[in-house]
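Student: One structure, as structure tokens, below. Some questions next.
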Amino acid sequence: MELMQIIELVAATIGILYVWLEMKASVWLWPVGIVLPLFYIYISWQSEVYGNVLVNIYYIIACVWGWREWLKHRKDGETKELPISHLPERYLWTLGLVALLFLGLWPLFEYYMGSPFPAFDAAATAISFYGMWLLGKKYIESWYCWISSNAIYCTLYFLQSYTITGLFFTLYTVISVVGYFNWRKLLKLQHDANQPQ
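Residue 971 is where the sequence shown starts when you use this note's numbering, and the numbers rise one by one after that.
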């Protein structure tokens, strides 16, 4: 087994742990999320999926922020975490930022970074940036971003012959679908628990 394949397997294993923790809405996803991008920065650079390099640098910073966001609701030793919720209507305009980011990244990846698939790279990057912000706020809609960006990334890695990483992004896509339904169930339980008896 080559070194890159070992790195891919380690990254994928950590990634599965990360997505599983995310699916469970566990605050422990954040420290794992700080380590995971270090592997994918290297893999993405080697495979010329440059958008994912940027995404993973952003993930490290966003994981520190997200960890703080999820825990800032704790008071005096309580273990209360940020509840799962829906994206408020007042933030729907932020979807336009995804489109603007995509339009800005596409030419950057095509003309300056030489990405073999700049439109897909830009789309997955823009969606991932937005998804991380949604996740930090614990909005259930973050899962739509993970489903779509993971599906795009699995395609990009397969096209670049990074089969192990492509397979694991396929698995991440499936886990993201399961995660969405799990968070939906958790959101309903939260809602039911807050109803007057």
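Backbone N, C-alpha and C define an ideal beta-carbon position, used for all residues, glycine too.
Going by beta carbon distance, what residues of the same chain come within less than 7 Å of residue 1124, once the five residues before and after it are set aside?
Tutor: Reading the sequence shown from its first residue, position 154 is the one you call residue 1124. Answer for residue 1124: 1136, 1139, 1140, 1143, listed in chain order.
Student: According to DSSP, is residue 1098 helix, strand or coil?
Tutor: Here residue 1098 corresponds to residue number 128 of the sequence shown, with the count starting at 1. Helix.
Student: If the criterion is Cβ atoms closer than 8 Å, does the pair residue 1007 and residue 976 meet it?
Tutor: In the sequence shown, residue 1007 corresponds to position 37, counting from 1. In the sequence shown, residue 976 corresponds to position 6, counting from 1. It is not a contact, given that the beta carbons lie outside the stated cut-off.
Student: Could you tell me which residues DSSP puts in a beta bridge with residue 1055?
Tutor: One-based indexing of the sequence shown puts residue 1055 at position 85. Per DSSP, 1109.
Student: For my contact list, residue 993 and residue 1106 are in at a C-beta cut-off of 8 Å; report their separation, rounded to the angstrom.
Tutor: Start at 1 with the first residue of the sequence shown, and residue 993 comes out as number 23. Start at 1 with the first residue of the sequence shown, and residue 1106 comes out as number 136. Incorrect: roughly 16 Å between the Cβ atoms, too far for contact.
Student: Suppose contacts are defined by Cβ-Cβ distances below 8 Å. Is residue 1129 in contact with residue 1079 by that definition?
Tutor: By one-based count along the sequence shown, residue 1129 stands at place 159. By one-based count along the sequence shown, residue 1079 stands at place 109. Result no, Cβ atoms of residue 1129 and residue 1079 do not sit closer than 8 Å.
Student: Under 7 Å Cβ to Cβ from residue 1002, same chain only, skipping five residues before and after it: list those, please.
Tutor: As a working note, residue 1002 is residue 32 in the sequence shown. The residues are 984, 987, 988, 991.
Student: Could you tell me the alpha carbon to alpha carbon distance between residue 1089 and residue 1122, rounded to whole angstroms?
Tutor: Within the sequence shown, residue 1089 is the residue found at index 119, counting from 1. Within the sequence shown, residue 1122 is the residue found at index 152, counting from 1. Looking at the two C-alpha atoms, the distance is approximately 10 Å.
Student: Using beta-carbon positions only, say whether residue 1092 and residue 1126 come within less than 8 Å of one another.
Tutor: Numbered from 1 along the sequence shown, position 122 holds the residue referred to as residue 1092. Numbered from 1 along the sequence shown, position 156 holds the residue referred to as residue 1126. Not closer than 8 Å, so no.
Student: What residues in its chain sit with their C-beta under 8 Å from that of residue 997, if we drop five residues either side in the sequence?
Tutor: Within the sequence shown, the letter at position 27 stands for residue 997. Contacts found: 1037, 1040, 1041, 1051.
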